[in-house]
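Quick note: the sequence shown uses my numbering, first residue 1183, plus one each step.
I have placed the structure first, in the form of C-alpha cells, so that the comments after it can refer back to it.
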Amino acid sequence: FARYENADGLLEALPGWNYGDWVTAWPAGGLPSAARGVSSILNLIYVHSLQQLADLELHLGDPGRAPLLHHKAACIQRELRRRFLDPVRGVFRDDDHGHLSQHAQIWAILSQTLSGPEAARALHSALADPAFAPASYMQRSHLFDALAAIGDGGRILTELEAWRKMVDLGALTGFEHDEPTRSDCHAWSSHPLYHLPCTLLGIRPAAPGFASVRIAPQPGTFKSASTVLPHPRGDIRAELRFYGDRCEGRIKLPYTVNGTFLWNGNDLTLNPGWNSIALL
C-alpha cells in the first residue's frame, strides 16, 4: 500500500475494487473518491492496520519496527485531521467533496484518530443525522466496536433492531444487506454472536494468546446476563446482574488464567476459578 501514498503520505487512487460497504449511494459498494482521489475512510483503515501491524511486530516479529509503524500512523493521522475533520461539526468528511458517512467516524474512533468526548460527539452525530451514509450489516460490527470504545456499548441492543426485522420477515439465515435481499447465511451478519458476550458483557483478551482476561460490561438495558465463552484453557463463565450503578454476580476463569473486572471506575482482580462480583 505504501506504493500508493501521495506527497502528503495519504493513499490516493488505489487500483481495483475499493469496496467499503453496501451503501446505496456508493456504486458497487466502492468508497467515495478511493479510486480517483483520497478517501478518508480508506486512510483511516490504513492507520488502524499500521497500528495493528506494530502490535504484531512487538509481540511476534521485529520489535524495532513497532515505533516506526506507530510514527507513520501518527503522521497520517495528523494529515487526515487537517484535511478532513470538520472543525465546526467535529466529524470526519469522507473525501474532499464533502460526502458524509457513519463509516468515517467509526474508523476515526477505531484508529484512535478521534478519542474521548470528541469521538463520542462524532459518532452520535453520525447516528442521529440521515445525511450520513449508514453502515450495513458488515460494517455494523465495527460500529459496535466503536460504540464500545466511547463507552456506549449498551446501544448495541437498539441497533439489533435490523436483526429483529430478519426474524419478522421469516428469515432462517442472515441477510447480506438490507432489503431487497435474500436469506444468505452470510457470515458478516452473524457478528452479534460475538458482540453479545464480548462487548455487552465485555469479555476480551488482555494479552496475546488470551493469556489474561479483561471483562468490562456495558450492558445497556440488560438487567441480568450469563454466558459461556470458549478459551484455549477452558471455558470462561459469567453470571451477572445489573441494578443501576451496581453489578453483582460471579465469574469463573480457567486454570492458570488471571484477569481484571472493570465496572463504574472500579478494578477488581480476577483469579482462576470462581470470583464473586459485588461493585457499585
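Yeah, the Cβ is synthetic: ideal placement off N, Cα and C, and Gly gets one too.
Residues near residue i in its chain [Cβ-Cβ closer than 8 Å; skip 5 each side]
i     : result
D1268 : F1274 and R1275
N1200 : G1212, L1213, A1216, A1217, S1221 and L1224
H1252 : L1232, Q1233 and A1236
F1404 : G1336, L1339, L1382 and F1424
A1353 : S1365
Environment of residue i [buried if 16+ CB atoms lie within 10 Å]
i     : result
F1490 : Any property of residue 1490 remains undetermined from this structure, which presents the chain solely from 1183 to 1462.
R1264 : exposed
N1448 : exposed
W1456 : exposed
S1371 : buried
W1208 : buried
R1428 : exposed
V1439 : buried
A1460 : exposed
L1422 : buried
A1463 : Residue 1463 is absent from the model: the chain starts at 1183 and stops at 1462.
S1283 : buried
A1317 : buried
A1210 : exposed
R1322 : buried
Y1319 : buried
V1205 : buried
G1280 : exposed
L1250 : exposed
H1324 : buried
G1198 : exposed
G1335 : buried
Residues of its chain near residue i, where Cβ-Cβ distance is below 7 Å and the 5 sequence neighbours each way are ignored
i     : result
S1222 : L1262, F1266, F1274, R1275, D1276, D1277 and A1286
T1295 : L1226, V1229, Q1259, L1262 and R1263
G1441 : A1388, S1394, V1395, R1396, I1397, L1435 and L1452
W1445 : P1399, C1429 and L1461
E1187 : L1193
F1183 : L1193 and Y1228
R1415 : P1436, Y1437, T1438 and V1439
T1355 : S1365, D1366 and C1367
C1257 : G1191
Under 8 Å between C-beta atoms of residue i and residue j
i     : j     : result
A1369 : G1384 : no
G1402 : I1338 : yes
L1292 : A1328 : yes
T1381 : F1424 : no
S1458 : R1432 : yes
F1443 : H1413 : no
P1379 : L1411 : yes
G1202 : G1191 : no
L1224 : L1196 : yes
G1272 : A1310 : no
L1351 : P1374 : no
Paired residues, beta bridge with residue i - DSSP
i     : result
N1440 : S1394
Y1201 : G1212
T1414 : According to the sequence as given, residue 1414 is Pro; it is not Thr. P1414 pairs with nothing; no bridge assigned.
L1422 : A1407 and G1431
E1187 : L1193
D1449 : L1444
F1274 : L1267
G1455 : L1435
A1315 : S1283
A1460 : E1430
I1385 : I1397
Chain-order list of residues whose beta-carbon lies under 6 Å from that of residue i (same chain, five-residue window excluded)
i     : result
A1255 : V1229, L1232 and Q1233
A1308 : Q1284, Q1287 and F1314
A1290 : L1226, F1274 and L1296
S1406 : R1423
L1450 : F1443
For this session: Please confirm if the segment 1360-1379 is in contact with the segment 1340-1347, defined as three or more CB-CB distances below 8 Å between the two stretches.
Result: Cβ pair count under 8 Å is three or more, so yes.
Exercise. How about the segment 1224-1236 and the segment 1387-1395: do they share at least three Cβ pairs that are nearer than 8 Å?
Worked result: Taking a cut-off of 8 Å on C-beta distances, the segment 1224-1236 does not touch the segment 1387-1395, as fewer than three cross pairs fall below it.
Problem set entry | Segment contact, 8 Å Cβ cut-off, at least three pairs: the segment 1201-1219 with the segment 1238-1246 | No, the segment 1201-1219 does not touch the segment 1238-1246.
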